[in-house]
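**Q**
Numbering (my numbering), first residue to last: 503 to 1126.
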């Protein structure tokens, strides 16, 4: 695991050093540079595989091809055997060198031979061609800036900001979308003229020209619900692919462990990893003093069942300084509050290991989110006349809100809301912070008002159009993989782990496993209202009943409660009248209304308040 950066059409060695310095946390073990007449490549290395000879940049035999690489290639040994049979010679034992020789054989098509997570930049000195690639799911990040034929790229946005000629001009369209999704969706970023390379894409620079090409798209594997129907055959193949992926993800030359949340996904990884490891697995869990949010009882059951070397950490409200440091790590406004426990478990794990496996992606593959159930209920409710649904919603809206927004009443109100929308927008609505209606009251800035004609939900709505299937739940899964998974969950796990110089791997997002899983009819994922039906069936005899039948809690913090207690200081600091009016974007009276209603218990506005706080933290840190 590393951080990479570089330029094309711009040579400034001091700039390259500064760009590398901005991402030192991603690779504290080594730094490498390459400078040619047209290109500069830089990297920071966290040593995982081939500790002695794997320092980068890496070259081919005659040094005409050079690469800097971030990630892990899990099938590198298989590829190496193939390449050696073709006559290629290796001088390291690293997975990075395999990519160089694959490029010699297949050109840009080398990415199709890679099984893993990656972002890399490869310079072909003879052809004067720079190839930059990002893995299929966007597990590893890649940002870039184009300016009159000059290209700058890096694993993190803060590295690009070392280029002093790059203006820090806020992208108001991104602000508008952030307030809906609580993160900035790819390919845009919070700054104008800086972009994220989309997952499954390569960016090619040659002769002063730049083009982006797509080499993989999950929507191509969403099939008709009738294509695969034998449950036993599906279960067997899915189980074998899971075992294969987990076995490949255990390859490491440094200590390795597993994030154990107490849910089905991480428990599956622990169970299957235990079958192939010859020593106890190190497991890491976090909990809360609030029992409704803590899953430590389940993690202890798992640790005992599989005799793991188990470590726990209790998450409590943090200081303003700690919150600012965590939020600033993202370089963009980012309001998924589960970043806090993710940072905590990463910090805990790094004391013992350099690599950790995580269950991220399991909910998308196996249909685990409660909003898939909500989609199903919403479809059924659309058979009830609209005036009746609106009437019931109006009555329910007058009732007191739950303290944390998790009550059955709160959830059913949201389901009624989504049933009044087209199914596609209803699915996206479940994950939003501010609706367009709320933004009309929130915006005070005349420029932001111009964006109110643009519904941010349409941004992910285009993904529905690209998923050709008669299986609506599978289409929702496809959209979540392309949307919230890459922009929120994978961003969170990458930044929070790398802030602690920890590599986190996600076995459920092996593309071979994913391609098969998304092609399975959703009736095997969401059977009736039972989520993860197929995974539960596969793991029934391997996991304790408390895990198989347990209620999903997610990886969230008791934000609603904390705002009324320790986190109230964040409201006073970042949502004060002076702060809101100084920024000039938002209507303070509406913000005060959100605060007052939350603190009085009339509404759970914790998601909206956190979204505004995180934006203010980001703005102070990166703009002023």
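Cβ atoms here follow ideal geometry from the backbone N, Cα and C, with glycine treated the same way.
If you follow the alpha helix (DSSP H) that residue 535 is in, where does it begin and where does it stop?
**A** Element bounds for residue 535: not the alpha helix (DSSP H) but the beta strand (DSSP E), 532-537.
**Q** Taking the alpha carbon of residue 658 as the reference point, which residue from 1026, 1000, 1067 and 1094 has its own alpha carbon closest?
**A** 1000
**Q** Cα-Cα, which of 1024, 970 and 768 is closest to residue 760?
**A** 768
**Q** Got a sec, what are the start and stop residues for the beta strand (DSSP E) residue 618 sits in?
**A** 618-626
**Q** Expressed to the nearest angstrom, what Euclidean distance is found between the alpha-carbon atoms of residue 632 and residue 1096?
**A** Approximately 49 Å, taken between the alpha carbons.
**Q** Classify residue 804: buried if its beta carbon has 16 or more other beta carbons within 10 angstroms, exposed otherwise.
**A** buried
**Q** In whole angstroms, give me the CA-to-CA distance for residue 727 and residue 868.
**A** Here the model assigns residue 727 a pLDDT of 47, short of 50, so the residue's position is not dependable and the matter cannot be decided.
**Q** Using only the alpha-carbon positions, how far apart do residue 897 and residue 890 sit?
**A** 11 Å
**Q** Quick one: what's residue 542 bridged to in DSSP?
**A** 509 and 537
**Q** In the DSSP assignment, what residue or residues form a beta bridge with residue 696?
**A** 647
**Q** Please name the residue in 544, 678 and 603 whose C-alpha comes closest to that of residue 587.
**A** 603
**Q** Could you compute how far the alpha carbon of residue 775 sits from the alpha carbon of residue 744?
**A** 10 Å
**Q** Measure the alpha-carbon distance for residue 1118 versus residue 546 and round it to whole angstroms.
**A** Their Cα atoms are separated by approximately 30 Å.
**Q** For the pair the segment 695-702 and the segment 645-659, tell me if three or more CB-CB distances fall below 8 Å.
**A** As far as the Cβ criterion goes, the segment 695-702 touches the segment 645-659, which means the pair count is three or higher.
**Q** For the beta strand (DSSP E) holding residue 705, just list the boundary residues, first then last.
**A** 703-708
**Q** Taking the continuous beta strand (DSSP E) assigned at residue 1033, which residues delimit it?
**A** No beta strand (DSSP E) contains residue 1033, which DSSP labels as neither H nor E.
**Q** Please specify which runs of the alpha helix (DSSP H), each continuous and at least 4 residues long, are wholly inside the segment 734-780, giving them in chain order.
**A** Entirely contained in the segment 734-780, the alpha helix (DSSP H) runs reaching 4 residues are, in chain order, 766-778.
**Q** For the beta strand (DSSP E) holding residue 1092, just list the boundary residues, first then last.
**A** In the DSSP annotation of this structure, residue 1092 is not part of any beta strand (DSSP E); the continuous alpha helix (DSSP H) holding it starts and ends at 1090-1101.
**Q** With contact counted as at least three CB pairs below 8 Å, one residue from each stretch, are the segment 794-812 and the segment 824-835 in contact?
**A** no
**Q** Ordered along the chain, which non-local residues of its own chain (more than five positions away) have a Cβ less than 8 Å from that of residue 996?
**A** 641, 642, 643 and 1006
**Q** Tell me the rounded alpha-carbon separation between residue 577 and residue 684.
**A** For the pair residue 577 and residue 684, the Cα-to-Cα distance works out to about 35 Å.
**Q** Between which two residues does the alpha helix (DSSP H) carrying residue 635 extend?
**A** Careful: residue 635 lies outside any alpha helix (DSSP H), inside the beta strand (DSSP E) at 631-636.
**Q** From the DSSP secondary-structure annotation, give me the bridge partner or partners of residue 712.
**A** The partner list for residue 712 (beta bridge, DSSP) reads 707.
**Q** Quick one, which of 627, 770 and 821 has its alpha-carbon nearest residue 1073's?
**A** Per the Cα distances, 821.
**Q** For residue 796, count neighbouring Cβ atoms within 10 angstroms of its own Cβ and tell me buried if that reaches 16, exposed if not.
**A** buried
**Q** Just the C-alpha distance for residue 812 and residue 1104, rounded to the nearest angstrom, thanks.
**A** 41 Å
**Q** Quick check: what's the CA-CA separation for residue 1115 versus residue 1077?
**A** In this model, residue 1115 and residue 1077 are separated by some 7 Å (Cα to Cα).
**Q** Give me the Cβ distance between residue 764 and residue 798, rounded to the nearest whole Å; I'm assuming they're in contact under 8 Å.
**A** 7 Å
**Q** Do the CB positions of residue 597 and residue 551 come within less than 8 Å of each other?
**A** yes
**Q** Mind checking which residues open and close the beta strand (DSSP E) that includes residue 656?
**A** 652-656
**Q** Can you name, in chain order, every residue of its own chain whose Cβ lies under 7 Å from the Cβ of residue 1029, other than the five neighbours on each side?
**A** 1035
**Q** Pick helix, strand or coil for residue 1059, following the three-state DSSP scheme.
**A** coil
**Q** Mark residue 779 as exposed unless 16 or more other C-beta atoms lie within 10 angstroms of its C-beta, in which case mark it buried.
**A** exposed
**Q** Assuming residue 712 and residue 836 make a contact with CB atoms under 8 Å, what is their CB distance in whole Å?
**A** Rounded to whole angstroms, the Cβ separation of residue 712 and residue 836 is 28 Å, and the two are not in contact under 8 Å.
**Q** Closer than 6 Å by C-beta to residue 782: which residues in its own chain qualify, once you throw out the five before and the five after it? Chain order, please.
**A** When the five nearest sequence neighbours on each side are left out, the beta carbons in the same chain lying within less than 6 Å of the beta carbon of residue 782 are those of 809, 810 and 811, in order along the chain.
**Q** Taking DSSP as the reference, what is the three-state secondary structure of residue 1075?
**A** helix
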